[in-house]
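Below is one structure; the comments refer to it alone.
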Amino acid sequence: MARLIVTSLIGLVLWTSCKPSQPTFKKISFSPTQNGFGVVVQNLGVDTGPGAQLYYKGTNNSPILVWPYIGTWGDPIIYSNDIALLLADKPDEAGRLGHGALICIQGTGPALEISADVLKTACDQNLIDFRKALRICSPASLNQDHDGTIIVYYGGNSPNNPEFRKLKARIMWRDVFEIMQSVRRSGKTHKITNTDVVYLEQDYGL
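Using the working numbering, count along the sequence shown one by one with no gaps and you end on 1195.
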């Protein structure tokens, strides 16, 4: 349902952006998705297209921005109570998008970047060198089985290491909760380029 709402909103912005009378940087109002979360779709201009932002409202009077770039990955946002798990865009230091990240957010945040933590689980499950995978792999897909298992695929372009091309982690929400506790305990604070949004991420020394 959340994927359908986000896709529909982005489609609406695409349609309106083709009309010459429409201004750029026009936002569509907060649209609830699930469990207090919702999205705001912003028309970023003709050359850039639409972008979606994730907000948390809960019992607050006004929605609070928790992640500014949902991206166009097409993967679902997965929820558990007031926690959202999604594959989103994370800009680099220059503000360039196109870098996928596995983001976990509880309520108003701060968000937790858990790509490397779940990759470590994938390496443990598949008996693969984590340090090597960390230099090569990035999250490529997120989904959930009917039994509640969360499946995260990682991709890595390494001709000499074909096992990294489609590495998979299978985790449950209890695993996500443990990772969240670890990141909150030892993660470093970062700020998303050109925004006021902060997130925590563990440093694995690479």
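All residues carry an ideal CB built from backbone N, CA and C; glycine is no exception. Computed from a prediction, not measured in an experiment: that's the story for all the values here.
Bridge-paired residues (DSSP) for W1162: Mapped onto the sequence shown, residue 1162 falls at position 173. According to DSSP, W1162 bridges with nothing at all.
The alpha helix (DSSP H) enclosing L1123, as first and last residue numbers: Within the sequence shown, residue 1123 is the residue found at index 134, counting from 1. Residues F1119 to I1125.
Would you mind listing the beta strand (DSSP E) stretches within the segment 1054-1088 that are 3+ residues and don't spill past its ends, in chain order? 1067-1069 and 1072-1078
Exposure of I1053, with buried meaning 16 or more beta-carbon neighbours within 10 Å: As a first step, residue 1053 must be located in the sequence shown, where it is residue number 64. Flag for I1053 reads exposed.
Helix, strand or coil at Q1042 according to DSSP, with G and I counted as helix: Walking along the sequence shown from the start, residue 1042 turns up at place 53. It is a strand residue.
Coil, strand or helix - S1018 by DSSP: To locate residue 1018, count along the sequence shown from 1; it is residue 29. Residue state, collapsed to three classes: coil.
Member of N1070, S1018 and S1127 whose CA lies at the smallest distance from the CA of R1163: Walking along the sequence shown from the start, residue 1163 turns up at place 174. When only C-alpha atoms are compared, the closest one is N1070.
Where does T1138 sit, in a helix, a strand or coil, going by DSSP? The residue given as residue 1138 occupies position 149 in the sequence shown. Three-state result, T1138: coil.
Using the beta-carbon count (16 or more within 10 Å), is V1187 buried or exposed? As a position in the sequence shown, residue 1187 is number 198, starting the count at 1. By the 10 Å Cβ count, V1187 comes out exposed.
For V1030, tell me which candidate among A1041, R1120 and A1122 has the shortest Cα-Cα distance. The residue labelled residue 1030 in the question sits at position 41 within the sequence shown. Among A1041, R1120 and A1122, the Cα nearest to that of V1030 is on A1041.
With distances taken Cα to Cα, identify the nearest neighbour of L965 among L1043, P1099 and S1051. One cannot answer for residue 965 here, as it falls past the ends of the chain, which runs 990 to 1195.
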